[in-house]
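For the record, in the sequence shown the residue sitting at position 431 is 427 according to the numbering used here, with numbers rising by one throughout.
From the three backbone atoms N, C-alpha and C, an ideal C-beta is built for every residue, glycine too.
It should be emphasised that the depicted structure is a prediction, and the values quoted were computed from it without experimental measurement.
Here is the structure we will look at, set down as structure tokens.
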Amino acid sequence: MDMLMKKKVILYKGQISTIECENIEEALEKLIFLDSIVYTQESLLNDREMDGQDATCFNLVNEFRDNLKSKAIVTLQLHDILGFIQSQDSHEAVIKNLIFDDEKMLGFSQRYLWDLSICFKPNPDIIMDLLKRFQKNNNIPEKVKETMILSIASIAYRLSQLNGYKVKVLKDVEEAIINNLDYAKGEEKYQFFRALKILKSPNTIPKLLDVIEKGTPKEGVLSWKIIKSLPKEYWGENVLKAAKKTFFQLNKRHDSSSRTIAAELMLETNITEQNLKDMFHYLGSNDTSFEIKQYVYQNIRMKADECQLFRRMVLNIISSDPFLNNYSTLAPRGMSTALSRNFLSSDSSNGSLVSLQELKSGIVKRGSVNIVMKKNDAIKEIFSLGLFSGGLSSFMSSNGNENDLEDEESANAGMELSVLGTQLRPFLFFSGQGEIMGHVWSGTASEKTPAYQVSK
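Written as structure tokens, this is what we have:
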């Protein structure tokens, strides 16, 4: 990193400062010094002289001596700074010292890739370099490899939002993800679905609709999540037809999560009165998927609270049909929920907290808490915390009527975290019945573990 240290840039009290160093050791010393200065800055003010508080600054001497014995303390933070700079020089400096296929550097590798993914000034050369390494290096650990492809997708998406971006770069990334998806087997495919969700390319819609039609139930769920993440203007007639087929299961059986996502998508578009009426008739049907009914009903109520025009259409449908205008239809069983609460209202923008929970046999199968900002017709998801589980029906009592394809899935549960549109690699709590029973018998299921530690 020697060549970089001569023009290292950091943020200090809101101002840009430049550190000129000849080597990494000197840079670390100066970074530690500045950090300690920030910590004791109140004691260094002129009006604190001779009042006793300025004496605390003498602790800086021993503190520096101790910290310099272990430079690894700030090495991760240094990777944060270099990743966010995202210049060609900074990237070359990191790559010179960072070995992606070294298990001992797994933490540093993931940390740097995460930092690259949230930078708002994407560098197309860095995208192509990472893509080349991803495709040619087969010895990269699986955790790092997934983080890498997610970061590549995130940087490419941010690049696509800029005027005059390089179309070829985005096309190369899209083709690489699709090709890897086609050749991957089993659960290895899931990381490429997550990458497509981050990439948000409308060109992938035909591929996703084909997967929904021909793929496994789990792949169908992931495909609908990707389509749902795209801007609404890309939900064309072909998407709405597929959503209707999925929700009402007109072509084949679908996973319950696919059906609820398809219902959300239909409700968020300018749904026709006939389609909405069909939804209400489904709520009054003999289908025993009570959680799906409850989830759809809660979403209808949530949208009716937000949109007066939609509310009038709902009331008109209910009042004109005796079959719908009764307690049996409008009070479905189930504990699934959907709600939205405003936490910010101003002339410039509005903020809301959206909470969705789809349950299965009393367990959250798919849940999320999203912080969403709105300005006119523009909607931006700032933060999303999601929980998921599957294959746990055998551990819970059931009424025996629910029949879901999810029963074919192995036991699993985890958490998903998305910040400013960038999704981190999922944090798995357990995968397989062996792991969950191991937690039960050892008692570790009740121990609290930070999510970021689980991801390492």
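In the structure shown, Met331 falls within a coil segment according to DSSP collapsed to helix, strand and coil. Shown here, Thr212 sits in coil according to DSSP, grouped into three states, outside any helix or strand.
Ala374 is classed as exposed because its beta carbon has fewer than 16 other beta carbons within 10 Å across all chains shown.
Cys115 and Ile81 have their alpha carbons spaced roughly 8 Å apart.
Restricted to the segment 137 to 196, the alpha helix (DSSP H) segments that are unbroken, complete and at least 4 residues in length are 138 to 156, 163 to 179 and 186 to 195, listed in chain order. Looking only at Phe426, Tyr153 and Met144, the smallest Cα-Cα distance to Ser105 is reached by Met144.
Membership of Ser427 in the beta strand (DSSP E) is indicated by the continuous run Phe423 to Ser427. DSSP, reduced to helix, strand and coil, places Ala259 within a helical segment of the structure shown. Bounds of any beta strand (DSSP E) do not take in Gln82, whose DSSP letter is neither H nor E. Distance from the CA of Leu155 to the CA of Phe276, rounded to the nearest whole angstrom, comes to 42 Å. Counting only residues of its own chain and dropping the five nearest sequence neighbours on each side, Lys299 has a CB closer than 6 Å to the CB of Leu263 and Phe306. Per DSSP, the continuous alpha helix (DSSP H) segment holding Phe244 begins and ends at Glu233 to Phe244. Counted as a single uninterrupted DSSP element, the stretch harbouring Lys117 is not any beta strand (DSSP E), since DSSP gives it neither H nor E. At the C-beta level, Val169 and Ile148 come within 8 Å of one another. One alpha carbon belongs to Tyr153, the other to Ile136, and they sit about 24 Å apart.
Looking from the CA of Glu184, the closest CA among Asp121, Gly232 and Glu215 belongs to Glu215. For the 8 Å CB-CB criterion, Leu146 and Ser113 form a contact.
Shown here, Leu383 sits in a strand according to DSSP, grouped into three states. Going by DSSP, Lys299 is part of the alpha helix (DSSP H) stretching over Phe286 to Glu302. With contact defined as three or more Cβ pairs closer than 8 Å, the segment 368 to 385 and the segment 409 to 420 are in contact. Around the beta carbon of Pro422, a 10 Å sphere encloses 16 or more other beta carbons of the protein chains shown; the residue is thus reported as buried. DSSP links Ala374 through a beta bridge to Lys371. Spanning the alpha carbons of Pro118 and Phe384 requires a straight line of approximately 31 Å. Thr325 and Val292 have their alpha carbons spaced roughly 12 Å apart. Non-local C-beta neighbours of Gln187 in its own chain, meaning closer than 7 Å and more than five positions away in sequence, comprise Glu142 and Ile145, ordered along the chain. Here Thr265 is not near Ser254, since their CB atoms are 8 Å or more apart. Straight across, the Cα-Cα distance linking Lys356 with Lys371 is about 35 Å.
The continuous beta strand (DSSP E) containing Leu355 extends over residues Asn346 to Lys356. In this structure Ser86 is buried. Its beta-carbon is surrounded by 16 or more other beta-carbon atoms within 10 angstroms.
Beta-bridge pairing by DSSP links Gly430 to no other residue. In the DSSP assignment, Asn133 falls outside any alpha helix (DSSP H), carrying neither H nor E. Nearest C-alpha to Tyr161 among Asp121, Ile174 and Trp220: Asp121. About 6 Å separates the beta carbon of Lys139 from that of Leu102, a gap short enough to meet the 8 Å contact definition. From the listed residues Asn321, Leu205 and Gln290, the smallest Cα separation to Gly358 is found for Gln290. For Ile359, the secondary structure class from DSSP, reduced to helix, strand or coil, is strand.
By the Cβ neighbour-count rule, Leu192 is buried, with 16 or more other Cβ atoms within 10 Å of its own.
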